[in-house]
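Contents: one structure, followed by commentary.
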Amino acid sequence: MRLRTRLTLWYGGAFFAAGAVLIAVVYLIVRDRVAANLPAPGDSVEYLVQARAQLGMSEEQLLSLIDTVVQRQQDANDATLQGVLLGSVVALAVVGLLAVVFGALIAGRVLRPIDDITATARRVADRSLHERINLHGPNDELKRLADTFDGMLARLDRAFEGQRRFVANASHELKTPLAINRTLIEVAAAEPDADHRVRGLAANLLAVNERHERLIDGLLTLAESDRAPADPAPVDLADIVAHVAAQFAAEAAEAEVAVTISAAEAVVTGDAALLERLVANLIANGIRHNRPGGTLAIGTTAIEGRARLTVANTGPVVAAYEIDALFQPFRRGEGRDRVESVRGVGLGLSIVESVARVHDADVEAVPNPGGGLWMTVDFP
Numbered sequence: 538m539r540l541r542t543r544l545t546l547w548y549g550g551a552f553f554a555a556g557a558v559l560i561a562v563v564y565l566i567v568r569d570r571v572a573a574n575l576p577a578p579g580d581s582v583e584y585l586v587q588a589r590a591q592l593g594m595s596e597e598q599l600l601s602l603i604d605t606v607v608q609r610q611q612d613a614n615d616a617t618l619q620g621v622l623l624g625s626v627v628a629l630a631v632v633g634l635l636a637v638v639f640g641a642l643i644a645g646r647v648l649r650p651i652d653d654i655t656a657t658a659r660r661v662a663d664r665s666l667h668e669r670i671n672l673h674g675p676n677d678e679l680k681r682l683a684d685t686f687d688g689m690l691a692r693l694d695r696a697f698e699g700q701r702r703f704v705a706n707a708s709h710e711l712k713t714p715l716a717i718n719r720t721l722i723e724v725a726a727a728e729p730d731a732d733h734r735v736r737g738l739a740a741n742l743l744a745v746n747e748r749h750e751r752l753i754d755g756l757l758t759l760a761e762s763d764r765a766p767a768d769p770a771p772v773d774l775a776d777i778v779a780h781v782a783a784q785f786a787a788e789a790a791e792a793e794v795a796v797t798i799s800a801a802e803a804v805v806t807g808d809a810a811l812l813e814r815l816v817a818n819l820i821a822n823g824i825r826h827n828r829p830g831g832t833l834a835i836g837t838t839a840i841e842g843r844a845r846l847t848v849a850n851t852g853p854v855v856a857a858y859e860i861d862a863l864f865q866p867f868r869r870g871e872g873r874d875r876v877e878s879v880r881g882v883g884l885g886l887s888i889v890e891s892v893a894r895v896h897d898a899d900v901e902a903v904p905n906p907g908g909g910l911w912m913t914v915d916f917p
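Heads up: the sequence shown begins at 538 in my numbering, then just goes up one per residue.
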């Protein structure tokens, strides 16, 4: 039950309870006053003595007359009390219903700032930390709550922005010495007097240097993919899949992985470069974590207005409880760090999840019964 409904019910219940107590008190007061107006037995005897002399009535006739008058008065009093009680209950019901309606309006008015806080928190969680509530009004509890939330968002925004700047700057700074190292190694290996040991060492160093370059590129992409697209535009996933799959054709052939593509039109709104990196990482993951003679099926489709990308590959058996770990940076299945693998640097699926998150997409990975993964990305 929503808080507004609970507040309305509490307000209405309190009003009805207070009204019932008020009706009971008024009813008791009226009943006591009416009963006090009836003649007492002593007054009846005294009146009987005076009336007999004036009216010339017998005692039996006078007693009968008094009983009739008292009974009619009692009936009138009972009718009055019943009318007062019935009218009070009807008035309580009508005014109570109006109070419930006004209570709902008041509860909505009071809770409106909380709705604004909730909506801002949802937008911030889905997109970026740049939005603020900026609640205007008296300096009450809700205003202080909104200001505290804005302050927390500002600190988080500075922290995340500083982290992104650090990763980006560190990646750019590390690229230069790695490029210099690659050049020096290539020059040393190309010397005429370099023997086979020097050339073998140079090849190993170049492989390590290339892997470090991929790691830095992955870190830089991960830092840049965690922010919302600055200028989103319609992009057809089918075109991206066809383009990226062609780039990985040679690698798939070398790995003896058969690639099949079923690309129907699936238009999404987002950043084309980030979406291309998402597709590339999924295809690369499907090829490099496959087996010789395996398959990789890539498909795009639109279901009820939502674009869907599917990438299914064969490969080693993955347990269901290891799926979440695959999306963590530098992690791989079977509890080992993916940084140990020569097939990648362990950032591919982390980048996929980050790109999907900034595009409000849902990523789901399901183990295939025979081994490998079935990856699905659903876009809004």
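By construction, the Cβ of each residue, glycine as well, lies at the ideal position given by its N, Cα and C atoms.
Query                                                                                                                                                                     : Result
Nearest to Val638 by CA position, among Asp754, Leu693, Gly550, is which residue?                                                                                         : Gly550
If you draw a straight line from the C-alpha of Thr545 to the C-alpha of Gly688, how long is it?                                                                          : 32 angstroms
Can you check which of these residues, Gly909, Leu886, Ile777, Asp897, is closest to Thr851 by C-alpha distance?                                                          : Gly909
Give a yes or no on contact between the stretch 770-781 and the stretch 738-757, applying the rule of three or more CB pairs nearer than 8 angstroms.                     : no
Under the DSSP definition of a beta bridge, which residues are partnered with Asp773?                                                                                     : Val804
Return yes when the Cβ of Arg814 is within less than 8 angstroms of the Cβ of Asp915, no when it is not.                                                                  : no
Between Tyr564 and the rest of its own chain, which residues show a CB-CB distance below 6 angstroms, the 5 nearest in sequence each way excluded?                        : Leu622
Leu721: which of Phe703, Val704, Ala740, Arg734 sits nearest, CA to CA?                                                                                                   : Ala740
Is the CB-CB distance between Ala821 and Phe785 below 8 angstroms?                                                                                                        : yes
On the DSSP bridge list, what partners appear for Ser799?                                                                                                                 : Gly836
Is the beta carbon of Ala801 closer than 8 angstroms to that of Thr837?                                                                                                   : yes
Alpha carbon to alpha carbon, what distance is there between Ala628 and Arg609?                                                                                           : 28 angstroms
Can you find the residues in the same chain that come closer than 7 angstroms, C-beta to C-beta, to Glu901, ignoring five residues on each side of it along the sequence? : Thr913
Per DSSP, Arg843 is paired with what?                                                                                                                                     : Ile840
Where Arg843 and Pro917 are concerned, what is the direct C-alpha to C-alpha distance, given to the nearest angstrom?                                                     : 5 angstroms
Taking C-alpha atoms, which residue in Val735, Glu723, Arg541 lies nearest to Leu648?                                                                                     : Arg541
Ala803 and Leu833: beta carbons closer than 8 angstroms?                                                                                                                  : no
Output the distance between the C-alpha atoms of Gly633 and Asp684, rounded to the nearest integer angstrom.                                                              : 37 angstroms
Counting along the chain, where does the beta strand (DSSP E) carrying Ala900 start and finish?                                                                           : Correcting the residue identity first, residue 900 is Val in this sequence and not Ala. Taken as a continuous stretch (DSSP letters only), the beta strand (DSSP E) holding Val900 covers 899-904.
Please state the DSSP three-state secondary structure of Leu910.                                                                                                          : strand
With Ile654 and Ile643 assumed to form a contact (beta carbons below 8 angstroms), what rounded beta-carbon distance in angstroms separates them?                         : 19 angstroms between Cβ atoms; not a contact.
Just mark Gly624 as buried or exposed, buried being the case when its beta carbon has 16 or more other beta carbons within 10 Å.                                          : exposed
The alpha helix (DSSP H) that contains Glu791, what's its start and end?                                                                                                  : 786-791
Nearest-angstrom Cα distance between Asp897 and Phe553?                                                                                                                   : 47 angstroms
Look at Pro904 and Ala849 and say whether their C-beta atoms are less than 8 angstroms apart.                                                                             : no
Span of the alpha helix (DSSP H) holding Gln700?                                                                                                                          : 678-726
Looking only at its own chain, which residues have a Cβ that is under 6 angstroms from the Cβ of Arg719, when we skip the five neighbours before and after it?            : Asn746
Keeping to the same chain, check which residues put their C-beta closer than 7 angstroms to that of Glu890; ignore five residues upstream and five downstream.            : Phe864, Val900
I need the straight-line Cα distance from Gly872 to Pro675, nearest angstrom please.                                                                                      : Low confidence applies to Gly872: its pLDDT is 45, below 50, so where it sits in the model is not reliable, and the reading given next is rough at best. Near 54 angstroms, if we compare the C-alpha coordinates of Pro675 and Gly872.
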